[in-house]
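A.B. asks: Shown below is the structure under consideration.
Protein chains: 2
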Amino acid sequence: MYRTHNCGELRIENLGQQVQLSGWVQRIRNLGGLTFVDLRDRYGITQLFFDQEKMPELSARANKELGREFVITAHGKVQERSSKNVKIPTGEIEILVESFSILNASETPPFTIEEKTDGGEELRYQYRFLDLRRGPMQKNLILRHKFTREVRKYLDSLDFLDIETPYLIKSTPEGARDFVVPSRMNSGEFYALPQSPQMFKQLLMVGGYDKYYQIVKCFRDEDLRSDRQPEFTQIDCEMSFVERDDVLRTFEGMAKHVFKQVAGVDLNYDFPKMTYQVAMEKYGNDRPDIRFEMTITELTDSAKKPEFKVFDEAEYIGAICAKSCSEYTRKQLDELTDFVKRPQIGAKGMVYLKYNTDGSLKSSVDKFYTTEELGVWAEKTNAKPGDLVLILSGSKNKTLSALSELRLELGNRLELRNPDEFKPLWVVDFPLLEYNEEEQRFFAMHHPFTSPIPEDLHLLEKNPAVVRANAYDLVINGVEVGGGSIRIHDQHLQEKMFKLLGFSDQEAQNQFGFLIGAFKYGAPPHGGLAFGLDRWVSLFARVDSIKDVIAFPKNNSGKDVMSDAPSAINEKQLKELNIQIIKQ
Amino acid sequence: MYRTHNCGELRIENLGQQVQLSGWVQRIRNLGGLTFVDLRDRYGITQLFFDQEKMPELSARANKELGREFVITAHGKVQERSSKNVKIPTGEIEILVESFSILNASETPPFTIEEKTDGGEELRYQYRFLDLRRGPMQKNLILRHKFTREVRKYLDSLDFLDIETPYLIKSTPEGARDFVVPSRMNSGEFYALPQSPQMFKQLLMVGGYDKYYQIVKCFRDEDLRSDRQPEFTQIDCEMSFVERDDVLRTFEGMAKHVFKQVAGVDLNYDFPKMTYQVAMEKYGNDRPDIRFEMTITELTDSAKKPEFKVFDEAEYIGAICAKSCSEYTRKQLDELTDFVKRPQIGAKGMVYLKYNTDGSLKSSVDKFYTTEELGVWAEKTNAKPGDLVLILSGSKNKTLSALSELRLELGNRLELRNPDEFKPLWVVDFPLLEYNEEEQRFFAMHHPFTSPIPEDLHLLEKNPAVVRANAYDLVINGVEVGGGSIRIHDQHLQEKMFKLLGFSDQEAQNQFGFLIGAFKYGAPPHGGLAFGLDRWVSLFARVDSIKDVIAFPKNNSGKDVMSDAPSAINEKQLKELNIQIIKQ
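Taken in sequence, the protein lines are chains A and B.
Going by the numbering used here, the residue at position 10 of the first sequence is 17; the numbering climbs one at a time, nothing skipped.
Going by the numbering used here, the residue at position 231 of the second sequence is 238; the numbering climbs one at a time, nothing skipped.
Following this line, the structure appears as structure tokens:
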């Protein structure tokens, strides 16, 4: 062992002890005859002290030979510092070095290894092994470790079994976003990498493993955004002999456990449950951020008026009320208008109503509306003197979505979205099906194994569009961290479902044959969910990108710039796999 | 929830309680007016009781409607059994059923769901979800869960961090056994699936994460044998600032922990360390089964004699002594001769020497050797009256390997290989390099990052063939359950190593470039190892095939016969990936 202690553990109690420390040289300060070296490892920083007068040779060597990020080991005695640093736990002591050796030299790093580095994103990913030495990255990865440890501890305590499912699975004809793996032994055939272990966990339920979990990599070959990676990690769970509220209770317990043990946050209340319908109408969004109010009020009936065409022709008119913002300037209002008119949001314009502190009402459309009419808007949106009402109109779905964006933007501007405050909720009763106008058929909103809620079963044939799914999402601060459903365990209902989704028997058989087959042999009622580990840990780490909680992420083109993956492979390999690249 | 209790938890203390149980119908017995149904889940079996006299309708329904493997839920009262079953924990009680319902029917399973099934291997894999319901499979998967849980508990307690490394990595030109994954976004390029996270864990050491572990899937596209799977699970570990014995101490601790907590075996002693050289000379094998002696004695010098050509021309002559086997019959000796002559073993013949209980010596070659000469063999092999000495000869390596097989076969026949006895040891000081006669160059026996042992460093250029590696294997009962090494952290030594292995700078750069690059920025001394989870769990489960501890294994052609993977994918998918299958 190259050390007796790590760089984060020595204290005033250790005074006088002979110790050996190893680590990286964070910085070197030469103050006249005294040399100080900050030695760093993942546990902390300890100051090494070289006294030129007492040990001139050693001190000279330190000054001459050491450089930033050198790896060294040093022997010496713990002594009290003359000038203490109260900011770090080891700040009261230092090591009077008696001997040291360089374990490895280092070239000058391409960016500084500090809390805030001067390295840009591309450089940091190229030298990820150096980026990983930085405090924030170490904190994030340690947080991730603690997170999975506590998840396991909680689930283990409830008799859940961690069971591994395969990574080389069957590619399904509709698995357009599957990564595939050519098989050498079975020429012309391919495995797929799992987008989730969904079918296997359902088979485990059929197999009698009534509480399953796995922290597992999943793969999806889709165009990437900042919060997407081609490989991502799920906490995948399934239970048998349960109904919806059993699942929610179990995993609300898990959420509270990790909040307490990992984030130090006590959530001593039942998480609210909000239906999909309410979430859409009040927040314009199925993953509402409920850290702040400012919910949406529909004004369609009260604001229509032939004199104002924009509203009169709109399918939907909706408003949010920003508290204490009646004094927003022209410029601020223009910024918000520009914000909602961005192509990603797509509103045509924005109407405002200022409820001034003197009680007067001022609107961008007051030439079309009487003060009384404006008063109705204020009343409906529950505006008080000093508030600002912002109104959008258009098609219902688009307008709700734009109002949601506007609400979140205002939340940011008004600092209502405190990253240290956590407000989880369950969103429930999602629609079972989505109608696709183009293909003129229904698609499963979740997946084809999702069960309808029992009260809606009788509507399945008469009016499938209104049937609600027995599905649920866990949403925290506007982020969907997980979701799942009670599954269909009855083969007749499953067949009905496939028919609704327009699968022929043959198609259903091709795609899900082995699961359908398994359901003939006594499938228990079951349900479960999966959590996105990367996203949830990002929330706890207070970072925007999941890349900051992944040791070796890919960039937005799916590349690992450090190792240069993916890359070309040689002809011999291709030949063995019996494939060739199409020349373009 | 469809149950108040599981099928394994009710006891005599619960008498009189109203309960609800759910599970699978294991068997139905109709004894005149009384019907008994064994209800099963993964926790156990509870007897349901239907009294025809008191509840004629319910009883009739049970007899008429229920079948094997039906999933049912039943309400009733816990009562004492009139005829108790002491073999199961719930055997003192039964449920007097008051109502029940069928949650799902089942077709007749293709094989019996019993401890010993009548289903053959192929059928069991095809209906793996049913095979998984059997007691032995459930026991194995629960054992595996406990195993990983205890590994994590131990490593967590020592501050190891569980860090995920990527699955989509760079394919290296020499990665002939890599599974590859075509990239859609980077046309003509491929990811590889990791054969191990070796380079990434070394990068984590460079990144300052001084204690890393991961329980991780690895992939190798090679022809399969009974103990190989295209995807397998490793407990992958690495530490910084350590020397060999620090690593061994840490993981010997882990082994003792899992032995105690998972297998209930107390190993209160230091695991023996045996050099590779001793292992080869005494056991003919670098993973010796030390549950029994019967070690190999070299007789090359004492047994050569011009009269007996076979020995006289042999490079090596070696013997093992089977205690108390002098009365082996002609037939038994012929069987052993046939065994060593099998092509996999390849001996030309076998010589025996019986040390009869009356003190006389009888050998298959006694026309060539005097009694005194035979007496020397007996003495050297430490044979006593009643023992049998078996002697093989030929080239050294082949003969040692054949003696090893013979020794293990005799161990089996003499029941010296008790599966309930565990004898771990460390095998150390492996050769660093292997010379390949065909290619006329050295190969790394472990991998090119393995460090030589410090005492042998000076021989690296003069006599590389004798240099020992700072590498180690953990062997239990003849199975290599893990292995690793201290790595090279000095870039100059690494360069020397690449040169020895015949890599040009360019080749080294292509294959390991990013790791070599990382080593320039202060790599700490480090080392680690990886354990084969599947194998180790198989040992604890007392099963021969790792398939029995994997929920969904592949068969020997790399196929999952249940889901039919791998399989063809459609033209559209191929086109998107810009590849085509070579027509044959």
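Yeah, the Cβ is synthetic: ideal placement off N, Cα and C, and Gly gets one too.
Leaving out five residues on either side along the sequence, give the residues of the same chain with a beta carbon under 7 Å from the beta carbon of residue 266 of chain B.
C.D. replies: As a working mapping, residue 266 of chain B is identified with position 259 in the second sequence. Answer for residue 266 of chain B: 272, 274 and 429, listed in chain order.
A.B. asks: For residue 93 of chain A, tell me which candidate among A/53, A/63 and A/533 has the shortest Cα-Cα distance.
C.D. replies: Walking along the first sequence from the start, residue 93 of chain A turns up at place 86. It is A/53 whose Cα lies nearest to the Cα of residue 93 of chain A.
A.B. asks: Find the nearest neighbour of residue 187 of chain B within the set A/589, A/590 and A/574, judged by alpha-carbon distance.
C.D. replies: As a first step, residue 187 of chain B is located in the second sequence; it is residue number 180 there, counting from the start. The shortest C-alpha separation from residue 187 of chain B is found at A/574.
A.B. asks: Starting from residue 199 of chain B, trace the alpha helix (DSSP H) in both directions and tell me its first and last residue.
C.D. replies: Counting from one through the second sequence, the residue named residue 199 of chain B turns up at place 192. Note, residue 199 of chain B: premise wrong, no alpha helix (DSSP H); beta strand (DSSP E) at 197 to 199.
A.B. asks: Who does residue 246 of chain A pair with in a DSSP beta bridge?
C.D. replies: Locating residue 246 of chain A in the first sequence gives position 239, counting from the first residue. Partner(s): A/218 and A/534.
A.B. asks: Just the Cα atoms here: how many angstroms apart are residue 104 of chain A and residue 554 of chain A?
C.D. replies: By 1-based counting over the first sequence, the position of residue 104 of chain A is 97. By 1-based counting over the first sequence, the position of residue 554 of chain A is 547. C-alpha separation (whole angstroms): 39 Å.
A.B. asks: First and last residue of the alpha helix (DSSP H) that includes residue 160 of chain B?
C.D. replies: Walking along the second sequence from the start, residue 160 of chain B turns up at place 153. Start and end: 142 to 164.
A.B. asks: State buried or exposed for residue 165 of chain A, treating a residue as buried only when at least 16 other CB atoms are found within 10 Å of its CB.
C.D. replies: For the purposes of this step, residue 165 of chain A is taken as residue 158 along the first sequence, with counting starting at 1. Exposed, because fewer than 16 other Cβ atoms sit within 10 Å of the Cβ of residue 165 of chain A.
A.B. asks: Does any C-beta atom of chain A lie closer than 8 Å to the C-beta of residue 385 of chain B?
C.D. replies: For the purposes of this step, residue 385 of chain B is identified with residue 378 of the second sequence, where counting begins at 1. No, residue 385 of chain B does not count as interfacial toward chain A.
A.B. asks: So does residue 179 of chain B have its beta carbon nearer than 7 Å to some heavy atom of the ligand ADP?
C.D. replies: Looking for the ligand ADP in the displayed structure turns up nothing, as the structure carries no ligands at all.
A.B. asks: Report the CB separation of residue 299 of chain A from residue 423 of chain A in whole angstroms; it is logged as a contact under 8 Å.
C.D. replies: Stepping through the first sequence from its first residue, residue 299 of chain A is reached at position 292. Stepping through the first sequence from its first residue, residue 423 of chain A is reached at position 416. Between residue 423 of chain A and residue 299 of chain A the Cβ distance is about 4 Å, and since that is below 8 Å, they are a contact.
A.B. asks: For residue 569 of chain A and chain B, any beta-carbon pair shorter than 8 Å?
C.D. replies: As a first step, residue 569 of chain A is located in the first sequence; it is residue number 562 there, counting from the start. Yes, its Cβ sits closer than 8 Å to a Cβ of chain B.
A.B. asks: Counting only Cβ pairs nearer than 7 Å, list the residues of chain B close to residue 366 of chain A.
C.D. replies: In the first sequence, counting from the first residue as 1, residue 366 of chain A sits at position 359. Within chain B, no residue comes near residue 366 of chain A; the closest Cβ sits about 56 Å away, beyond 7 Å.
A.B. asks: My output table needs one value for residue 203 of chain A: the three-state DSSP class, helix, strand or coil.
C.D. replies: In the first sequence, the residue the question calls residue 203 of chain A occupies position 196. Note: residue 203 of chain A maps to coil in three-state DSSP.
A.B. asks: Less than 8 Å separating the beta-carbons of residue 534 of chain B and residue 588 of chain B?
C.D. replies: For this step, residue 534 of chain B is matched to residue 527 along the second sequence. For this step, residue 588 of chain B is matched to residue 581 along the second sequence. For residue 534 of chain B and residue 588 of chain B, no; Cβs fall outside 8 Å.
A.B. asks: Near residue 228 of chain B, what residues of its chain come up, given a Cβ to Cβ distance below 7 Å and the 5 sequence neighbours on each side ignored?
C.D. replies: In the second sequence, residue 228 of chain B corresponds to position 221, counting from 1. Answer for residue 228 of chain B: 184, 185, 186 and 237, listed in chain order.
A.B. asks: Give the secondary structure of residue 382 of chain A by DSSP, where H, G and I count as helix, E and B as strand, and everything else as coil.
C.D. replies: Against the first sequence, residue 382 of chain A aligns to sequence position 375. It is helical.
A.B. asks: Pick out the complete alpha helix (DSSP H) segments inside the stretch 252 to 323 of chain A, 4 residues or longer, and give them in chain order.
C.D. replies: Counting only runs of 4 or more, we get 283 to 290, 307 to 310 and 316 to 319.
A.B. asks: For residue 377 of chain A and residue 469 of chain A, I'd like the C-alpha separation in whole angstroms.
C.D. replies: On the first sequence, residue 377 of chain A is found 370 positions in, with the first residue counted as 1. On the first sequence, residue 469 of chain A is found 462 positions in, with the first residue counted as 1. In a straight line, the C-alpha of residue 377 of chain A is about 46 Å away from that of residue 469 of chain A.
A.B. asks: Using the DSSP secondary-structure output, state which residues sit across from residue 38 of chain A in a beta bridge.
C.D. replies: Position 31 of the first sequence, counted from the first residue, corresponds to residue 38 of chain A. Note: residue 38 of chain A sits in a beta bridge opposite A/41.
A.B. asks: For residue 482 of chain A, which of helix, strand or coil comes out of DSSP?
C.D. replies: Your numbering for residue 482 of chain A matches position 475 in the first sequence. Three-state DSSP puts residue 482 of chain A in a strand.
A.B. asks: If we count the other Cβ atoms within 10 Å of its Cβ and call it buried at 16 or more, is residue 249 of chain B buried or exposed?
C.D. replies: Against the second sequence, residue 249 of chain B aligns to sequence position 242. When all chains shown are included, residue 249 of chain B counts as buried.
A.B. asks: Establish whether the CB of residue 285 of chain B and some CB of chain A are separated by less than 8 Å.
C.D. replies: Numbered from 1 along the second sequence, position 278 holds the residue referred to as residue 285 of chain B. For residue 285 of chain B, the answer is no, since every Cβ of chain A falls outside 8 Å of its Cβ.
A.B. asks: Does DSSP put residue 442 of chain A in a helix, in a strand, or in coil?
C.D. replies: Position 435 of the first sequence holds residue 442 of chain A. Three-state result, residue 442 of chain A: strand.
A.B. asks: Taking the beta strand (DSSP E) that residue 111 of chain B falls in, what are its first and last residues?
C.D. replies: As a position in the second sequence, residue 111 of chain B is number 104, starting the count at 1. 100 to 111 is the extent of the beta strand (DSSP E) around residue 111 of chain B.
A.B. asks: How many Å lie between residue 474 of chain A and residue 495 of chain A at the Cα?
C.D. replies: Counting from one through the first sequence, the residue named residue 474 of chain A turns up at place 467. Counting from one through the first sequence, the residue named residue 495 of chain A turns up at place 488. Roughly 14 Å separates the two Cα atoms.
A.B. asks: Give me the subset of the stretch 229 to 250 of chain B whose CB atoms are less than 7 Å from a CB atom of chain A, sorted by chain position.
C.D. replies: Residues 237, 238, 240, 248, 249 and 250.
A.B. asks: Between the stretch 524 to 542 of chain A and chain B, which residues of the former have CB atoms less than 7 Å from a CB of the latter, in chain order?
C.D. replies: So the close ones are 525, 527, 528, 529, 530, 531 and 532.
A.B. asks: Determine whether the Cβ of residue 580 of chain B lies closer than 8 Å to any Cβ atom of chain A.
C.D. replies: Counted from its first residue, the second sequence places residue 580 of chain B at position 573. Yes, residue 580 of chain B counts as interfacial toward chain A.
A.B. asks: So, for residue 412 of chain A: in the same chain, excluding its five sequence neighbours on each side, which residues have a beta-carbon less than 6 Å away from its beta-carbon?
C.D. replies: Along the first sequence, one-based indexing puts residue 412 of chain A at 405. For residue 412 of chain A, where only same-chain residues beyond five positions count, the Cβ hits under 6 Å are 352.
A.B. asks: Residues of chain B with CB under 7 Å from residue 572 of chain A, in chain order?
C.D. replies: In the first sequence, the residue the question calls residue 572 of chain A occupies position 565. The answer, in chain order, is 175, 176, 177 and 198.
A.B. asks: Name, please, each residue of chain A whose Cβ falls closer than 7 Å to the Cβ of residue 192 of chain B.
C.D. replies: Locating residue 192 of chain B in the second sequence gives position 185, counting from the first residue. Here the neighbours are 564 and 565.
A.B. asks: Does any CB atom of chain A fall closer than 8 Å to the CB of residue 224 of chain B?
C.D. replies: If you number the second sequence from 1, residue 224 of chain B lands on position 217. Yes, its Cβ sits closer than 8 Å to a Cβ of chain A.
A.B. asks: Is there a Cβ of chain A sitting closer than 8 Å to that of residue 136 of chain B, yes or no?
C.D. replies: Reading the second sequence from its first residue, position 129 is the one you call residue 136 of chain B. Judged by the 8 Å Cβ criterion, residue 136 of chain B is in contact with chain A.
A.B. asks: Using 8 Å as the threshold, is the C-beta distance between residue 111 of chain A and residue 530 of chain B below it?
C.D. replies: Mapped onto the first sequence, residue 111 of chain A falls at position 104. Mapped onto the second sequence, residue 530 of chain B falls at position 523. Going by C-beta atoms, residue 111 of chain A is nearer than 8 Å to residue 530 of chain B.
A.B. asks: To the nearest angstrom, report how far apart residue 568 of chain B and residue 116 of chain B are at their CA atoms.
C.D. replies: Position 561 of the second sequence holds residue 568 of chain B. Position 109 of the second sequence holds residue 116 of chain B. Approximately 17 Å between the Cα atoms of the pair.
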